[in-house]
Amino acid sequence: MRIHILGVCGTFMAGLSQILKESGHDVSGSDVQFYPPMSDYLTNINIKTIQGYEAKLLPKADLYVIGNALSRGNESVEHILSKNLPYVSGPEILGRELKDRNVYAVSGTHGKTSTAYMLTHILDYNGKDVGYLVGGISENFKNPARLGKHKSFVIEADEYDSAFFDKRSKFIHYYPNNLIINNIEFDHADIFDNLDDIKKQFHHLIKVIPNKGNIIYSKDDQNVCEVLSKGYFCNLIQVNGENIKIDLSSKKLVVDNETYILQDLPLIGEHNFRNYVAAILAAQIEGISINKSIESLKSFLGVKRRMEKVIEHNGIRVYDDFAHHPTAIKLSTKAVRDENPNKKILGIVELGSNTMSSGYHKDNLFNSLNYVDRTIILDRQKVYQADDIFNSTEDLLFELRKIAKDYDIILIMTNKDSQKFITPLKDHFEN
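Going from the sequence shown to the working numbering is simple: count from 1 and add 9.
What follows is the structure, given as C-alpha coordinates:
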(Lines of atoms letter the chains of each structure in order from A and count residues from 1; the text may use other names and numbers.)
(Lines give C-alpha, C1' and ligand atoms only; values in the text may rest on other atoms or scores of the structure.)
Protein backbone atom coordinates (compact mmCIF):
# COMPACT_ATOMS: atom_id res chain seq x y z
CA MET A 1 0.00 0.00 0.00
CA ARG A 2 1.16 3.54 -0.74
CA ILE A 3 0.93 5.48 2.53
CA HIS A 4 1.67 9.18 3.08
CA ILE A 5 2.09 10.51 6.64
CA LEU A 6 1.24 14.13 7.48
CA GLY A 7 3.28 15.30 10.48
CA VAL A 8 6.00 12.74 9.86
CA CYS A 9 8.72 14.47 11.93
CA GLY A 10 6.83 13.99 15.18
CA THR A 11 8.43 11.39 17.42
CA PHE A 12 5.51 8.99 17.16
CA MET A 13 4.88 9.44 13.44
CA ALA A 14 8.54 9.03 12.52
CA GLY A 15 8.64 5.69 14.34
CA LEU A 16 5.34 4.70 12.74
CA SER A 17 6.83 5.35 9.31
CA GLN A 18 9.45 2.66 9.98
CA ILE A 19 6.91 0.12 11.28
CA LEU A 20 4.77 0.63 8.17
CA LYS A 21 7.79 0.43 5.89
CA GLU A 22 8.97 -2.83 7.47
CA SER A 23 5.43 -4.17 7.10
CA GLY A 24 5.83 -3.82 3.35
CA HIS A 25 4.22 -0.47 2.64
CA ASP A 26 5.61 2.31 0.45
CA VAL A 27 5.86 5.24 2.88
CA SER A 28 6.48 8.99 2.49
CA GLY A 29 5.74 11.99 4.69
CA SER A 30 5.17 15.72 5.01
CA ASP A 31 5.95 18.22 7.75
CA VAL A 32 6.84 21.87 8.22
CA GLN A 33 9.62 21.51 10.79
CA PHE A 34 12.49 19.07 10.36
CA TYR A 35 15.13 19.05 13.11
CA PRO A 36 17.30 16.43 14.85
CA PRO A 37 17.06 13.77 15.99
CA MET A 38 13.93 12.82 14.02
CA SER A 39 14.96 14.53 10.78
CA ASP A 40 18.22 12.54 10.76
CA TYR A 41 16.32 9.35 11.53
CA LEU A 42 13.93 9.80 8.59
CA THR A 43 16.88 10.37 6.27
CA ASN A 44 18.66 7.26 7.55
CA ILE A 45 15.66 4.99 6.93
CA ASN A 46 15.08 6.49 3.48
CA ILE A 47 11.65 8.00 4.05
CA LYS A 48 10.98 10.51 1.29
CA THR A 49 9.90 13.78 2.91
CA ILE A 50 8.14 16.89 1.66
CA GLN A 51 8.41 20.23 3.45
CA GLY A 52 5.09 22.01 3.69
CA TYR A 53 1.41 21.17 3.47
CA GLU A 54 0.44 22.85 0.23
CA ALA A 55 -2.13 20.72 -1.59
CA LYS A 56 -0.06 20.78 -4.76
CA LEU A 57 2.79 19.06 -2.87
CA LEU A 58 0.62 16.23 -1.57
CA PRO A 59 1.53 13.00 -3.40
CA LYS A 60 -0.96 10.38 -4.51
CA ALA A 61 -1.47 7.61 -1.96
CA ASP A 62 -3.77 4.74 -1.10
CA LEU A 63 -4.05 6.01 2.47
CA TYR A 64 -3.17 9.22 4.29
CA VAL A 65 -2.15 9.13 7.95
CA ILE A 66 -2.94 12.46 9.62
CA GLY A 67 -0.96 13.44 12.71
CA ASN A 68 -2.58 15.00 15.76
CA ALA A 69 -0.69 18.26 15.23
CA LEU A 70 -2.80 18.93 12.11
CA SER A 71 -6.30 20.35 12.14
CA ARG A 72 -8.99 21.79 9.90
CA GLY A 73 -7.71 24.67 7.80
CA ASN A 74 -4.50 22.83 6.95
CA GLU A 75 -4.31 22.85 3.15
CA SER A 76 -3.44 19.16 2.84
CA VAL A 77 -6.19 18.16 5.28
CA GLU A 78 -8.75 20.23 3.39
CA HIS A 79 -7.69 18.63 0.11
CA ILE A 80 -8.01 15.11 1.56
CA LEU A 81 -11.47 15.85 2.94
CA SER A 82 -12.78 17.64 -0.16
CA LYS A 83 -11.61 14.85 -2.47
CA ASN A 84 -12.95 12.15 -0.10
CA LEU A 85 -9.55 10.49 0.04
CA PRO A 86 -9.01 7.65 2.56
CA TYR A 87 -7.41 8.78 5.84
CA VAL A 88 -6.74 7.45 9.31
CA SER A 89 -5.00 8.48 12.54
CA GLY A 90 -1.51 7.24 13.34
CA PRO A 91 -2.55 5.30 16.47
CA GLU A 92 -5.37 3.56 14.64
CA ILE A 93 -3.20 2.25 11.81
CA LEU A 94 -0.56 1.17 14.32
CA GLY A 95 -3.23 -0.69 16.27
CA ARG A 96 -4.14 -2.58 13.11
CA GLU A 97 -0.52 -3.62 12.67
CA LEU A 98 -0.35 -4.83 16.31
CA LYS A 99 -3.61 -6.79 16.44
CA ASP A 100 -1.84 -10.17 16.66
CA ARG A 101 1.03 -9.07 18.92
CA ASN A 102 1.54 -9.36 22.68
CA VAL A 103 1.60 -5.63 23.38
CA TYR A 104 3.36 -4.04 26.35
CA ALA A 105 2.09 -0.46 26.66
CA VAL A 106 4.10 1.98 28.79
CA SER A 107 1.92 4.88 29.93
CA GLY A 108 1.90 7.74 32.44
CA THR A 109 2.56 11.45 32.59
CA HIS A 110 6.30 10.97 33.13
CA GLY A 111 8.88 8.34 32.24
CA LYS A 112 7.18 6.66 29.29
CA THR A 113 10.09 6.97 26.86
CA SER A 114 12.80 5.88 29.28
CA THR A 115 10.80 2.97 30.71
CA ALA A 116 9.77 1.72 27.27
CA TYR A 117 13.40 1.72 26.14
CA MET A 118 14.51 0.03 29.36
CA LEU A 119 12.03 -2.79 28.81
CA THR A 120 12.95 -3.10 25.13
CA HIS A 121 16.64 -3.20 26.04
CA ILE A 122 16.11 -5.97 28.60
CA LEU A 123 14.17 -8.08 26.12
CA ASP A 124 16.62 -7.42 23.30
CA TYR A 125 19.66 -8.12 25.52
CA ASN A 126 18.13 -11.47 26.45
CA GLY A 127 17.76 -12.58 22.85
CA LYS A 128 14.19 -11.57 22.05
CA ASP A 129 13.77 -9.77 18.71
CA VAL A 130 10.86 -7.71 20.00
CA GLY A 131 9.18 -4.98 18.03
CA TYR A 132 8.92 -1.54 19.56
CA LEU A 133 7.96 2.07 18.91
CA VAL A 134 9.28 4.65 21.34
CA GLY A 135 9.04 8.43 21.01
CA GLY A 136 12.72 9.21 21.22
CA ILE A 137 16.23 8.03 20.36
CA SER A 138 18.38 5.70 22.49
CA GLU A 139 22.08 5.02 22.00
CA ASN A 140 21.34 1.31 22.48
CA PHE A 141 19.22 1.10 19.36
CA LYS A 142 19.85 2.10 15.78
CA ASN A 143 16.28 3.37 15.39
CA PRO A 144 13.36 4.32 17.67
CA ALA A 145 11.15 1.67 16.08
CA ARG A 146 11.24 -1.76 14.50
CA LEU A 147 8.68 -4.37 13.60
CA GLY A 148 10.57 -7.28 15.18
CA LYS A 149 9.96 -11.01 14.74
CA HIS A 150 9.09 -11.85 18.35
CA LYS A 151 5.44 -12.04 19.41
CA SER A 152 5.88 -9.20 21.90
CA PHE A 153 5.84 -5.51 21.04
CA VAL A 154 6.69 -2.56 23.33
CA ILE A 155 4.88 0.73 22.69
CA GLU A 156 5.16 4.10 24.41
CA ALA A 157 1.47 4.70 25.12
CA ASP A 158 0.54 8.37 25.13
CA GLU A 159 -2.66 9.80 26.61
CA TYR A 160 -2.69 12.65 24.07
CA ASP A 161 -5.54 12.54 21.55
CA SER A 162 -5.23 10.62 18.29
CA ALA A 163 -6.25 13.23 15.70
CA PHE A 164 -8.58 16.17 15.14
CA PHE A 165 -11.23 13.64 14.02
CA ASP A 166 -10.54 11.16 16.84
CA LYS A 167 -10.32 12.70 20.29
CA ARG A 168 -9.69 9.40 22.08
CA SER A 169 -6.26 8.98 23.65
CA LYS A 170 -3.68 7.30 21.43
CA PHE A 171 -3.25 4.37 23.78
CA ILE A 172 -6.87 3.22 23.35
CA HIS A 173 -5.99 1.95 19.87
CA TYR A 174 -3.21 -0.41 20.99
CA TYR A 175 -5.32 -2.94 22.98
CA PRO A 176 -2.36 -3.93 25.16
CA ASN A 177 -2.06 -7.24 26.94
CA ASN A 178 0.22 -5.70 29.57
CA LEU A 179 0.18 -2.13 30.82
CA ILE A 180 2.64 -0.05 32.84
CA ILE A 181 1.14 3.09 34.42
CA ASN A 182 4.09 5.08 35.75
CA ASN A 183 2.02 7.93 37.21
CA ILE A 184 -0.90 10.21 36.41
CA GLU A 185 -0.82 14.01 36.70
CA PHE A 186 -2.50 16.87 34.90
CA ASP A 187 -0.95 17.75 31.55
CA HIS A 188 -2.04 18.65 28.01
CA ALA A 189 -4.22 21.59 28.99
CA ASP A 190 -4.99 22.16 25.32
CA ILE A 191 -7.14 19.01 25.15
CA PHE A 192 -8.02 18.14 28.75
CA ASP A 193 -10.05 20.43 31.01
CA ASN A 194 -8.93 18.82 34.25
CA LEU A 195 -7.32 15.78 35.83
CA ASP A 196 -10.61 13.87 35.81
CA ASP A 197 -10.64 14.03 32.01
CA ILE A 198 -7.27 12.29 31.94
CA LYS A 199 -8.32 9.69 34.51
CA LYS A 200 -11.35 8.86 32.34
CA GLN A 201 -9.07 8.05 29.39
CA PHE A 202 -6.96 5.76 31.58
CA HIS A 203 -10.12 4.06 32.81
CA HIS A 204 -11.15 3.41 29.20
CA LEU A 205 -7.71 1.91 28.58
CA ILE A 206 -7.90 -0.37 31.62
CA LYS A 207 -11.25 -1.71 30.44
CA VAL A 208 -9.67 -3.24 27.31
CA ILE A 209 -6.89 -5.16 29.11
CA PRO A 210 -7.78 -8.87 28.80
CA ASN A 211 -8.33 -10.88 31.98
CA LYS A 212 -5.03 -12.73 31.45
CA GLY A 213 -3.24 -9.40 31.14
CA ASN A 214 -1.31 -7.39 33.72
CA ILE A 215 -1.15 -3.82 35.02
CA ILE A 216 2.07 -2.67 36.70
CA TYR A 217 1.70 0.42 38.90
CA SER A 218 2.79 1.95 42.19
CA LYS A 219 0.59 2.09 45.25
CA ASP A 220 2.27 5.45 45.98
CA ASP A 221 0.40 7.17 43.13
CA GLN A 222 -3.02 8.21 44.40
CA ASN A 223 -4.36 9.13 40.97
CA VAL A 224 -3.53 5.71 39.51
CA CYS A 225 -5.12 4.01 42.49
CA GLU A 226 -8.28 6.09 42.05
CA VAL A 227 -8.54 5.02 38.41
CA LEU A 228 -8.12 1.36 39.33
CA SER A 229 -10.74 1.67 42.07
CA LYS A 230 -13.34 2.18 39.32
CA GLY A 231 -12.78 -1.37 38.15
CA TYR A 232 -10.31 -3.65 36.42
CA PHE A 233 -10.48 -7.14 34.96
CA CYS A 234 -6.89 -8.38 34.95
CA ASN A 235 -3.94 -9.13 37.24
CA LEU A 236 -2.41 -6.26 39.23
CA ILE A 237 1.34 -6.03 39.90
CA GLN A 238 1.59 -3.45 42.65
CA VAL A 239 4.83 -1.74 43.65
CA ASN A 240 4.93 -1.07 47.40
CA GLY A 241 2.11 -3.53 47.85
CA GLU A 242 2.24 -6.81 49.76
CA ASN A 243 4.86 -8.66 47.67
CA ILE A 244 6.86 -5.89 45.97
CA LYS A 245 8.54 -3.04 47.84
CA ILE A 246 11.11 -0.40 46.96
CA ASP A 247 13.48 1.75 49.01
CA LEU A 248 14.22 5.00 47.21
CA SER A 249 17.18 6.01 49.34
CA SER A 250 19.09 2.73 49.05
CA LYS A 251 17.79 1.84 45.56
CA LYS A 252 16.60 -1.56 46.75
CA LEU A 253 13.85 -3.67 45.22
CA VAL A 254 12.29 -6.41 47.33
CA VAL A 255 10.17 -9.05 45.58
CA ASP A 256 8.72 -11.98 47.52
CA ASN A 257 11.15 -11.27 50.39
CA GLU A 258 14.22 -11.37 48.12
CA THR A 259 16.27 -8.17 47.92
CA TYR A 260 17.84 -6.79 44.75
CA ILE A 261 20.24 -3.84 44.63
CA LEU A 262 19.89 -1.35 41.77
CA GLN A 263 22.51 1.16 42.94
CA ASP A 264 25.01 0.25 40.23
CA LEU A 265 22.67 1.05 37.35
CA PRO A 266 23.83 4.03 35.29
CA LEU A 267 20.90 6.49 35.24
CA ILE A 268 20.49 8.85 38.18
CA GLY A 269 17.45 10.02 40.09
CA GLU A 270 14.42 8.66 41.90
CA HIS A 271 12.39 8.77 38.68
CA ASN A 272 14.81 6.51 36.83
CA PHE A 273 14.91 4.07 39.73
CA ARG A 274 11.12 3.78 39.50
CA ASN A 275 11.39 3.39 35.72
CA TYR A 276 13.94 0.60 36.18
CA VAL A 277 11.62 -1.24 38.57
CA ALA A 278 8.63 -1.03 36.20
CA ALA A 279 10.70 -2.37 33.31
CA ILE A 280 12.13 -5.20 35.43
CA LEU A 281 8.66 -6.28 36.57
CA ALA A 282 7.36 -6.20 32.99
CA ALA A 283 10.29 -8.32 31.83
CA GLN A 284 9.36 -10.91 34.48
CA ILE A 285 6.11 -11.46 32.60
CA GLU A 286 8.26 -12.48 29.63
CA GLY A 287 10.10 -14.99 31.81
CA ILE A 288 13.25 -12.92 32.37
CA SER A 289 14.55 -13.08 35.93
CA ILE A 290 15.14 -9.94 37.96
CA ASN A 291 18.87 -10.65 38.14
CA LYS A 292 19.08 -10.98 34.36
CA SER A 293 17.16 -7.72 33.94
CA ILE A 294 19.49 -5.88 36.32
CA GLU A 295 22.51 -7.23 34.46
CA SER A 296 20.95 -6.10 31.17
CA LEU A 297 20.29 -2.59 32.44
CA LYS A 298 23.93 -2.05 33.37
CA SER A 299 24.56 -1.54 29.65
CA PHE A 300 21.53 0.69 29.06
CA LEU A 301 22.80 4.07 27.85
CA GLY A 302 19.63 6.06 28.31
CA VAL A 303 17.66 8.21 25.89
CA LYS A 304 18.69 11.25 23.92
CA ARG A 305 17.45 14.46 25.52
CA ARG A 306 16.91 12.67 28.83
CA MET A 307 19.74 14.13 30.91
CA GLU A 308 22.02 13.87 27.89
CA LYS A 309 25.43 15.52 28.22
CA VAL A 310 25.77 17.66 25.10
CA ILE A 311 28.74 19.92 25.98
CA GLU A 312 31.79 19.61 28.21
CA HIS A 313 34.17 22.57 28.08
CA ASN A 314 36.81 23.59 30.60
CA GLY A 315 35.02 21.78 33.40
CA ILE A 316 31.56 23.10 32.50
CA ARG A 317 28.98 20.45 31.64
CA VAL A 318 25.76 21.14 29.74
CA TYR A 319 22.87 18.65 29.85
CA ASP A 320 19.83 18.49 27.60
CA ASP A 321 16.69 17.21 29.32
CA PHE A 322 13.12 16.84 28.07
CA ALA A 323 11.63 17.88 31.44
CA HIS A 324 8.73 20.26 30.81
CA HIS A 325 6.34 19.64 33.72
CA PRO A 326 6.99 20.80 37.32
CA THR A 327 7.25 17.24 38.61
CA ALA A 328 9.75 16.26 35.91
CA ILE A 329 11.71 19.48 36.44
CA LYS A 330 11.88 18.85 40.17
CA LEU A 331 13.02 15.24 39.73
CA SER A 332 15.64 16.15 37.13
CA THR A 333 17.11 19.05 39.10
CA LYS A 334 17.12 17.01 42.31
CA ALA A 335 18.92 14.16 40.56
CA VAL A 336 21.63 16.54 39.29
CA ARG A 337 21.97 18.19 42.71
CA ASP A 338 22.19 14.85 44.53
CA GLU A 339 25.03 13.81 42.20
CA ASN A 340 26.75 17.21 42.40
CA PRO A 341 26.11 18.63 45.89
CA ASN A 342 28.88 21.23 45.73
CA LYS A 343 28.57 22.35 42.13
CA LYS A 344 27.02 25.60 40.92
CA ILE A 345 24.03 24.72 38.74
CA LEU A 346 22.13 26.88 36.25
CA GLY A 347 18.72 25.81 34.96
CA ILE A 348 17.20 26.89 31.65
CA VAL A 349 13.46 26.21 31.35
CA GLU A 350 11.37 26.80 28.24
CA LEU A 351 7.63 26.96 28.84
CA GLY A 352 6.96 25.06 25.64
CA SER A 353 3.97 22.83 26.38
CA ASN A 354 0.43 24.16 26.21
CA THR A 355 -0.05 23.37 29.89
CA MET A 356 3.04 25.25 31.04
CA SER A 357 2.61 28.23 28.73
CA SER A 358 -0.99 28.64 29.91
CA GLY A 359 0.18 29.31 33.46
CA TYR A 360 -1.66 26.30 34.89
CA HIS A 361 1.39 25.08 36.82
CA LYS A 362 2.68 28.52 37.85
CA ASP A 363 3.02 27.87 41.59
CA ASN A 364 4.33 24.36 41.14
CA LEU A 365 6.90 25.53 38.60
CA PHE A 366 8.66 27.91 40.98
CA ASN A 367 8.58 25.33 43.77
CA SER A 368 10.26 22.80 41.47
CA LEU A 369 13.37 24.95 41.00
CA ASN A 370 14.79 24.82 44.52
CA TYR A 371 17.61 22.41 43.68
CA VAL A 372 19.47 24.73 41.28
CA ASP A 373 21.29 27.94 42.08
CA ARG A 374 19.53 30.00 39.43
CA THR A 375 16.98 29.40 36.67
CA ILE A 376 16.31 31.51 33.60
CA ILE A 377 12.93 30.92 31.97
CA LEU A 378 11.69 31.43 28.42
CA ASP A 379 8.02 32.51 28.51
CA ARG A 380 6.90 33.71 25.09
CA GLN A 381 3.26 34.02 26.17
CA LYS A 382 4.15 36.51 28.93
CA VAL A 383 2.09 34.60 31.48
CA TYR A 384 4.65 34.60 34.29
CA GLN A 385 5.93 37.67 36.12
CA ALA A 386 9.21 37.28 37.99
CA ASP A 387 12.91 37.93 37.76
CA ASP A 388 14.88 35.86 35.25
CA ILE A 389 11.89 35.43 32.93
CA PHE A 390 12.46 36.33 29.29
CA ASN A 391 9.87 36.71 26.56
CA SER A 392 12.13 35.99 23.59
CA THR A 393 14.90 33.55 22.82
CA GLU A 394 17.20 36.41 21.91
CA ASP A 395 16.79 38.13 25.28
CA LEU A 396 17.39 34.89 27.16
CA LEU A 397 20.50 34.10 25.11
CA PHE A 398 21.88 37.59 25.74
CA GLU A 399 21.64 36.94 29.50
CA LEU A 400 22.92 33.37 29.13
CA ARG A 401 26.11 34.51 27.41
CA LYS A 402 26.83 36.85 30.32
CA ILE A 403 26.48 34.21 33.03
CA ALA A 404 27.16 30.78 31.46
CA LYS A 405 30.85 30.58 32.42
CA ASP A 406 30.01 31.27 36.07
CA TYR A 407 28.43 27.83 36.48
CA ASP A 408 29.71 24.26 36.68
CA ILE A 409 26.58 22.64 35.28
CA ILE A 410 23.93 24.00 32.93
CA LEU A 411 20.70 22.01 32.67
CA ILE A 412 18.47 22.77 29.67
CA MET A 413 14.85 21.68 30.19
CA THR A 414 12.44 21.90 27.26
CA ASN A 415 10.18 19.69 25.14
CA LYS A 416 10.88 21.89 22.11
CA ASP A 417 13.99 22.22 19.94
CA SER A 418 16.88 22.49 22.41
CA GLN A 419 19.44 23.32 19.74
CA LYS A 420 18.51 27.00 19.98
CA PHE A 421 20.24 26.96 23.36
CA ILE A 422 22.93 24.34 22.71
CA THR A 423 24.43 25.82 19.55
CA PRO A 424 24.89 29.35 20.98
CA LEU A 425 26.43 27.86 24.13
CA LYS A 426 28.93 25.85 22.08
CA ASP A 427 29.86 28.96 20.11
CA HIS A 428 30.17 31.00 23.32
CA PHE A 429 32.44 28.51 25.05
CA GLU A 430 34.69 28.16 22.01
CA ASN A 431 35.18 31.90 21.57
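Note that beta-carbon positions come from the ideal geometry of N, C-alpha and C, so glycine has one too.
Open item on the list: With H, G and I counted as helix, E and B as strand and the rest as coil, what does DSSP make of Asp-329?
Closed with: strand
Open item on the list: On the CB-based measure, 16 or more other CB atoms within 10 Å of its CB, does Arg-283 come out buried or exposed?
Closed with: buried
Task: One or two residues paired with Ser-39 in a DSSP bridge - done: Leu-15 and Ile-59
Open item on the list: Can you confirm whether the region 73 to 89 touches the region 114 to 127 when touching is taken to mean that 3 or more C-beta pairs between the two stretches lie within less than 8 Å?
Closed with: no
- [ ] Determine the contact status of Ile-3 and Ile-303, defining contact as a CB-CB distance below 8 Å.
- [x] Any question about residue 3 goes unanswered here, given that the chain covers just 10 to 440.
- [ ] Go to Ser-362, then tell me how far its alpha helix (DSSP H) extends in each direction, as first and last residue.
- [x] Per DSSP, Ser-362 belongs to no alpha helix (DSSP H) and is neither H nor E.
TODO: Classify Met-10 as buried or exposed, calling it buried when 16 or more other Cβ atoms lie within 10 Å of its own Cβ.
DONE: With fewer than 16 other Cβ atoms within 10 Å, it is exposed.
- [ ] Give a yes or no on whether the C-beta atoms belonging to Ile-12 and Val-74 are separated by under 8 Å.
- [x] yes
Open item on the list: Looking at the strands, I want to know which residues DSSP matches up with Ile-190.
Closed with: Ser-116
TODO: Name the two residues that bound the continuous beta strand (DSSP E) containing Ile-255.
DONE: 253 to 256
Task: Sub-8 Å separation of Ile-419 and Val-327 beta-carbons - done: yes
Task: Straight-line gap, Thr-198 to Gln-390 (C-alpha atoms, nearest Å) - done: The sequence as given places Ala at residue 198; Thr does not occur at that position. In a straight line, the C-alpha of Ala-198 is about 15 Å away from that of Gln-390.
Open item on the list: If you measure between the beta carbons of Ile-277 and Ala-337, is that distance less than 8 Å?
Closed with: no
- [ ] Following the continuous alpha helix (DSSP H) through Val-233, name the residue where it begins and the one where it ends.
- [x] 231 to 237
- [ ] Leaving aside the five residues before and after Ser-123 along the sequence, list all residues of the same chain whose C-beta is less than 6 Å from its C-beta, in chain order.
- [x] Non-local beta-carbon contacts of Ser-123 in its own chain, meaning distances under 6 Å to residues more than five positions away in sequence, involve Asn-284, Val-312 and Arg-315 in chain order.
Open item on the list: Here's the rule: buried if 16 or more other CB atoms are within 10 angstroms of the residue's CB, otherwise exposed. What is Val-41?
Closed with: exposed
Open item on the list: Counting beta carbon pairs with one atom in the region 137 to 146 and one in the region 60 to 74, are three or more of them shorter than 8 Å?
Closed with: no
TODO: Would you kindly check if the distance between the Cβ of Leu-387 and the Cβ of Leu-409 is under 8 Å?
DONE: no
Task: Sub-8 Å separation of Ala-154 and Lys-121 beta-carbons - done: no
Open item on the list: For the structure I just gave you, are there three or more beta carbon pairs, one from the region 253 to 263 and one from the region 159 to 173, closer than 8 Å?
Closed with: no
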